[in-house]
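Here is the structure we will look at, set down as structure tokens.
Protein chains: 2
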Amino acid sequence: MLRLSRKGQYGVRAMFEIARGHGNKPVPIKEIAERQAVSVAYLEQILNKLKNGGLIRSVKGPGGGYVLSKKPEDVSISAILNELEGPVAITSCLDPEEGCVRVDGCVTYMLWKSLGEKIDAFLRTVTLKNLLTGTLFKKADKRLKKSA
Amino acid sequence: MLRLSRKGQYGVRAMFEIARGHGNKPVPIKEIAERQAVSVAYLEQILNKLKNGGLIRSVKGPGGGYVLSKKPEDVSISAILNELEGPVAITSCLDPEEGCVRVDGCVTYMLWKSLGEKIDAFLRTVTLKNLLTGTLFKKADKRLKKSA
DNA sequence: AAAATACCTTAGTAAAATTGTCAAGTATTA
DNA sequence: TAATACTTGACAATTTTACTAAGGTATTTT
Numbered sequence: 006m007l008r009l010s011r012k013g014q015y016g017v018r019a020m021f022e023i024a025r026g027h028g029n030k031p032v033p034i035k036e037i038a039e040r041q042a043v044s045v046a047y048l049e050q051i052l053n054k055l056k057n058g059g060l061i062r063s064v065k066g067p068g069g070g071y072v073l074s075k076k077p078e079d080v081s082i083s084a085i086l087n088e089l090e091g092p093v094a095i096t097s098c099l100d101p102e103e104g105c106v107r108v109d110g111c112v113t114y115m116l117w118k119s120l121g122e123k124i125d126a127f128l129r130t131v132t133l134k135n136l137l138t139g140t141l142f143k144k145a146d147k148r149l150k151k152s153a
Numbered sequence: 006m007l008r009l010s011r012k013g014q015y016g017v018r019a020m021f022e023i024a025r026g027h028g029n030k031p032v033p034i035k036e037i038a039e040r041q042a043v044s045v046a047y048l049e050q051i052l053n054k055l056k057n058g059g060l061i062r063s064v065k066g067p068g069g070g071y072v073l074s075k076k077p078e079d080v081s082i083s084a085i086l087n088e089l090e091g092p093v094a095i096t097s098c099l100d101p102e103e104g105c106v107r108v109d110g111c112v113t114y115m116l117w118k119s120l121g122e123k124i125d126a127f128l129r130t131v132t133l134k135n136l137l138t139g140t141l142f143k144k145a146d147k148r149l150k151k152s153a
């Protein structure tokens, strides 16, 4: 249950690939597609959304490709998934576009809302930098080093 | 993103209805269906799964219905959703039945695994009792009262 | 200038998952 | 023994996902 769509997964991995090239040359879409074994055409749709969201910029022409708009440590997984799939909304009544039908006495409303907030809070703490360095929990790691 | 299926939502609400009658008479399926505006036939499938999972028992004959197998405080949301939809598996590579294809260097593996664990940890802390009393965060509430 | 490279956009579509319905039962008790 | 209530399996409608296809635009190197 609660599975993330492949689009979201591809998006995060694509952002990771672009982040790897941060500071160097732009990363061409073809290269990303090969690494992920996804078609260029499909990846284009995904990167297009991320571009419209301002997370990446594109450089046209030979030698072109995609570049991060911000530093890797300033791009959270939450931001990426938000752009691709909208906000976390465990139930439709929590979706800003749909809204709750049965207003009266929705006992589970708070449950799903809380869960959604927990999830997003976690995803906001993880950035591309964390993926690059392999340290998922920055603060936890620092604490460990201090106490060691 | 990360939406829970209606089956899961109905299941939790149905368990809530059954929990409300805990200690009294069994709750007939017809009553649950009316409260939730779902067909009896569909609800039957859901309750059947929950019954096979040992979360509820059924009482046949006139005056019969469904009863909780355990006390409300011993039934977590995690247990309910697990029975209906299997374990939390953000990606297919984390699904026990599918497994990971690209074994080498899956940078996002830990990310999705950690997220899944966070989610399940939260859902294990919330029980039907919490829904009944309206106190989602038992411990947090107690702390607040103490410090007040 | 023109050819090559690479991004950009929209429309459509096949497969899979979801969300149910329907029919024909079986078990229990007033 | 009739009424109530649960049980099971098949299957159909709808929606979502995960793409493919096709044509276009922008930039740079030669």
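The listed protein sequences correspond, in order, to chains L and W.
Count the first sequence with the working numbering and you get residues 6 to 153, in order.
Count the second sequence with the working numbering and you get residues 6 to 153, in order.
Just so you know, even glycine gets a beta-carbon here, dropped at the ideal spot from N, CA and C.
Every value quoted in this text rests on a predicted model; they were computed, and no experiment measured them.
Residue contact with chain W for LEU73/L: absent (no Cβ-Cβ distance below 8 Å to any residue of chain W). When secondary structure is reduced to three states using DSSP, THR138/W falls in the helix class. Here DSSP, grouped into helix, strand and coil, assigns ARG62/L to strand. Within chain L, THR113 have C-beta atoms less than 7 Å from the C-beta of VAL17/W, given in sequence order. Taking all protein chains in view, the Cβ of GLY91/W is surrounded by fewer than 16 other Cβ atoms within 10 Å, so the residue is classified as exposed. In terms of beta-carbon proximity, GLY91/W lines the interface with chain L, with at least one pair separated by less than 8 Å. Flagged as an interface residue toward chain W: THR96/L, by a C-beta distance shorter than 8 Å. When DSSP states are grouped into helix, strand and coil, THR113/L belongs to the coil group. Each residue's CA atom was taken as its position, placing LYS76/L and LYS118/W some 25 Å apart. Non-local C-beta neighbours of GLY58/L in its own chain, meaning closer than 7 Å and more than five positions away in sequence, comprise GLU88, ordered along the chain.
Neighbours of LYS123/W in chain L, taken as residues at a C-beta separation under 8 Å, are given in chain order as LYS123, ILE124 and PHE127.
Secondary structure at VAL17/W: helix, using DSSP grouped into helix, strand and coil.
In the three-state reduction of the DSSP assignment, THR132/W falls in the strand class.
Taking a contact as a CB-CB distance under 8 Å, the pair TYR71/W and ILE61/W counts as one, their CB atoms being some 5 Å apart. Given a length threshold of 4 residues, each whole run of the alpha helix (DSSP H) inside the region 7–53 of chain L is given here in chain order: 11–25 and 34–41. At a Cβ-Cβ threshold of 8 Å, LEU86/W and THR96/L do not count as neighbours.
By the CB criterion at 8 Å, LYS123/W and LYS123/L fall inside the cutoff. With its beta carbon at least 8 Å from every one in chain W, VAL32/L lies outside the interface.
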